[in-house]
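A.B. asks: Before I ask anything, let me first share the structure, which is written out below as C-alpha cells.
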Amino acid sequence: MGAIAQSLSKPKAADFSLLQMLKPEILSNPYPFYLRLRENEPVHWDAFLHSWVITSYAESVTVLSKYKASRTPTPEQLEAMGLSVLGPYAEVMLKQMMFMDAPTHTRLRSLCSVAFTPRRVEALKEKIQEIADQLLDRLVDCGEMDLIADFAGPFPAIVTTALLGIPTGDHLQLKVLATNFAELMGNFDHDPDRLHSSIQSLKDLQQYFHSVIITQRIHPQEGLISTLMEAEIQGNRLSDEEIVANVILVLIGGLEETTNLIGNGILTLLRNPNSLAQLRDDPEIVQSAVEELLRFEAPTQHTGRIAPEDVELGGKQIRKGDALTVVLAAANRDPARFDNPEELELTRADNRHLSFGWASHYCFGSPLSRMSGQIAFNTLLKRLPGIALRTTKPIWRENIAMHGLTALQVSFDKPGYSKTEEV
Ligand code: HEM
Numbered sequence: 540m541g542a543i544a545q546s547l548s549k550p551k552a553a554d555f556s557l558l559q560m561l562k563p564e565i566l567s568n569p570y571p572f573y574l575r576l577r578e579n580e581p582v583h584w585d586a587f588l589h590s591w592v593i594t595s596y597a598e599s600v601t602v603l604s605k606y607k608a609s610r611t612p613t614p615e616q617l618e619a620m621g622l623s624v625l626g627p628y629a630e631v632m633l634k635q636m637m638f639m640d641a642p643t644h645t646r647l648r649s650l651c652s653v654a655f656t657p658r659r660v661e662a663l664k665e666k667i668q669e670i671a672d673q674l675l676d677r678l679v680d681c682g683e684m685d686l687i688a689d690f691a692g693p694f695p696a697i698v699t700t701a702l703l704g705i706p707t708g709d710h711l712q713l714k715v716l717a718t719n720f721a722e723l724m725g726n727f728d729h730d731p732d733r734l735h736s737s738i739q740s741l742k743d744l745q746q747y748f749h750s751v752i753i754t755q756r757i758h759p760q761e762g763l764i765s766t767l768m769e770a771e772i773q774g775n776r777l778s779d780e781e782i783v784a785n786v787i788l789v790l791i792g793g794l795e796e797t798t799n800l801i802g803n804g805i806l807t808l809l810r811n812p813n814s815l816a817q818l819r820d821d822p823e824i825v826q827s828a829v830e831e832l833l834r835f836e837a838p839t840q841h842t843g844r845i846a847p848e849d850v851e852l853g854g855k856q857i858r859k860g861d862a863l864t865v866v867l868a869a870a871n872r873d874p875a876r877f878d879n880p881e882e883l884e885l886t887r888a889d890n891r892h893l894s895f896g897w898a899s900h901y902c903f904g905s906p907l908s909r910m911s912g913q914i915a916f917n918t919l920l921k922r923l924p925g926i927a928l929r930t931t932k933p934i935w936r937e938n939i940a941m942h943g944l945t946a947l948q949v950s951f952d953k954p955g956y957s958k959t960e961e962v
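540 is the number of the first residue of the sequence shown in the working numbering; add one for each residue after it.
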C-alpha cells in the first residue's frame, strides 16, 4: 500500500472520540463503535471530550467504586467556558445525591431511603398493573400504536405521580418538562435554542415542586414527597431545596429512563422474535429477561467521575482531577465479563450488568424500575398478540447519554382476529 493510501486508511484520533455518537448511524447502533474503542484502548484519552473514556467492565467497576462523583462545575468554571447560562442547572446538581461524595452523599441518600423503602415500592405493585391495563384498554382495539407516545411514555409518568403523591392529571405536563430538561443531562452537543428551553423547563419543575411542598404542608398527601418532608435521622432533615432537586432526579429516572427501558426493550424483542416468543410463552422468566434487556440496550449509556488522585488505570496514568466517562453500555458487552455479549439471552445467568451503575451510587429507583419493566413487558406481550414493527428504521433521541426512541410504530392483532381468517 502506498504512503497516501496508508495514511488514508489509518484511523484518526477523531474516529475514537465519543463524539462519533453524534452521527445518527452510530447513535442508533453504538455497539460496533464501542467494540472498536475497547479493542483499541479500553481506557482511552478522548482529547475532543477532555475525558478518559472507559469501555471495559473491570475498569468501569473500579472507577464507579473508587472515583469521585462530585463534578459540578463552579460558576467561575462555567463562566470561563462561556457557559454561565448553565448556572441554574449547576445549582440543582449541587443538591442532587448523584453528584456528591461521602459524607454529604451518605446523609442525603440515607434520608431519602427512609422515605423510599422496598415496602413502598411493593405497595405500588397492584396500582402499577392497573395503570398498565387501563392504558392498554384504550389501545387494544386500534391494531396499531406509537409504543412510546401511547404507552412507554405515559405509563411510568402516571406511576411516578402515584409514587410522589401528586395529581395523576399532571403527568402530561411533567413528561414534557422532564424530557425537555433531560436533553441537558450527559449530552455533549447543546443546541443554544434547546439549552434555553431546557433551563426554562428546569425552572418550571422547581416551581412546580416548591408549590407542591407548600400545598402538602397544609394538606398532607400520601406519597414520597410528604415522606421526604417528614424524613428525619437524629434530628437531621431535608431542606425544601434538597427535596425539590432530588425529586427532579426521581422524575428523570421515572419518566425518562423507564420509558427508555420499555421502548428499547420492546424494540430489542421485536428484532429477536425467538426471544419474544420465549417470554410470551413463559412469563415467569420476566425477571431475568428485564436484566438482559437492561444489559443489552442500556437506557443510560454513560456516566461521569473525577480521579481523586494520581492513579494508574488499565495501564494508563490518570492525573488527579482528570474527568472520566464510564460507558456502562460498552462494559455491558465486554467479552472478558459476559459470554457471547452480543447475543440476547433472556435467561442469562450471572448478569451483573452496569445499567443501574455500581457501588454507592447504584440506582436508587432500581426496584421500582425493575417492577415497572416486568409488568410492562408481560402485559404488553399478553395483551398485544401479533405485535410487530411497522418501521425498519426507528428514530433515536438525539441524546447520547439517555438512549431511547422518539417513536416506535407497532401493529398488533385486534381482538377476535384469527390467523385462519387470512387463509
Ligand atoms: C430503567 C430505569 C433507570 C435506569 C436505567 C437508571 C440508571 C441509573 C444509573 C446508571 C445510576 C447511577 C449513576 C452514576 O453512578 O453516576 C442511577 C442513579 C440514580 N437513580 Fe436511576 N435509573 C432508572 C430509574 C430510576 C428511577 C425510577 C428512580 C427514582 C424513583 C431513579 C433514581 C435514581 C437516583 C436518585 C440516583 C442517584 C443515586 C445516588 O447517587 O446515590 N432511577 N440511575
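Ideal Cβ positions, reconstructed from N, Cα and C, are used throughout, including at glycine.
Given 8 Å as the limit, tell me if S905 has its C-beta closer than that to any heavy atom belonging to the ligand HEM.
C.D. replies: Yes - the ligand HEM has a heavy atom lying nearer than 8 Å to the Cβ of S905.
A.B. asks: According to DSSP, R844 sits in a beta bridge with which residue or residues?
C.D. replies: L863
A.B. asks: Tell me whether H900 sits in a helix, a strand or coil according to DSSP, three-state version.
C.D. replies: helix
A.B. asks: Per DSSP, what kind of secondary structure is Q856 in: helix, strand or coil?
C.D. replies: strand
A.B. asks: Nearest CA to the CA of V698: which residue from R659, E683 and F720?
C.D. replies: R659
A.B. asks: Which two residues bound the contiguous beta strand (DSSP E) that contains I914?
C.D. replies: Premise fails: I914 lies in the alpha helix (DSSP H), S905 to R922, not in any beta strand (DSSP E).
A.B. asks: At the level of alpha carbons, what is the spacing between I791 and E831?
C.D. replies: 22 Å
A.B. asks: Could you round the C-beta distance between N917 and P822 to whole angstroms and report it? I think they count as a contact, below 8 Å.
C.D. replies: Right, their Cβ atoms sit about 5 Å apart.
A.B. asks: State the Cα-Cα distance for the pair H735 and S899, rounded to the nearest angstrom.
C.D. replies: 33 Å
A.B. asks: Going by DSSP, what residues sit across from M684 in a beta bridge?
C.D. replies: V949
A.B. asks: Using the beta-carbon count (16 or more within 10 Å), is N799 buried or exposed?
C.D. replies: buried
A.B. asks: Taking C-alpha atoms, which residue in Q913, I939, R936 and R891 lies nearest to A597?
C.D. replies: R891
A.B. asks: Hey, I801 and P695: beta-carbon distance below 9 Å or not?
C.D. replies: yes
A.B. asks: Rank A654, S599 and R575 by C-alpha distance to the C-alpha of G904 and give the top, closest one.
C.D. replies: Closest by alpha carbon: A654.
A.B. asks: Between K880 and P874, what straight-line distance do the alpha-carbon atoms span, to the nearest angstrom?
C.D. replies: Rather than Lys, the amino acid found at residue 880 in this sequence is Pro. Taking the straight line joining both Cα atoms gives about 6 Å.
A.B. asks: Would you be able to state if there are at least three C-beta pairs under 8 Å between the region 847-854 and the region 908-923?
C.D. replies: no
A.B. asks: Sort out for me which residues DSSP pairs E585 with in a bridge.
C.D. replies: Going by the sequence as given, residue 585 is Asp instead of Glu. Answer is S590, bridged to D585.
A.B. asks: Are the region 599-612 and the region 633-647 touching by the rule of at least three beta carbon pairs closer than 8 Å?
C.D. replies: yes
A.B. asks: On a Cα-Cα basis, can you pick out the residue from V949, A870 and T945 that is closest to E578?
C.D. replies: The shortest C-alpha to C-alpha distance from E578 to any of V949, A870 and T945 is the one to A870.
A.B. asks: Quick check on E961: buried or exposed, where buried means 16 or more other Cβ atoms within 10 Å of its Cβ?
C.D. replies: Here E961 scores only 47 on pLDDT, less than 50, and its place in the model should not be relied on; the value that follows carries that caveat. The residue is exposed, with fewer than 16 neighbouring Cβ atoms inside 10 Å.
A.B. asks: What is the C-beta distance between V866 and Q840, in whole angstroms, given that I count them as a contact (C-beta under 8 Å)?
C.D. replies: 6 Å
A.B. asks: Say the cut is 8 Å; is the CB of W591 nearer than that to a heavy atom of the ligand HEM?
C.D. replies: no
A.B. asks: Is it buried or exposed for E564, if we count other Cβ within 10 angstroms and need 16 for buried?
C.D. replies: exposed
A.B. asks: Please find out if some non-hydrogen atom of the ligand HEM comes closer than 8 Å to the beta-carbon of A654.
C.D. replies: It does not: the Cβ of A654 is nowhere closer than 8 Å to a heavy atom of the ligand HEM.
A.B. asks: Which whole-angstrom value describes the C-beta separation of S590 and L883, a residue pair presumed to lie in contact below a C-beta threshold of 8 Å?
C.D. replies: So it is not a contact: roughly 30 Å between Cβ atoms.
A.B. asks: Decide if P954 is buried, meaning its Cβ has at least 16 other Cβ atoms within 10 Å, or exposed.
C.D. replies: exposed
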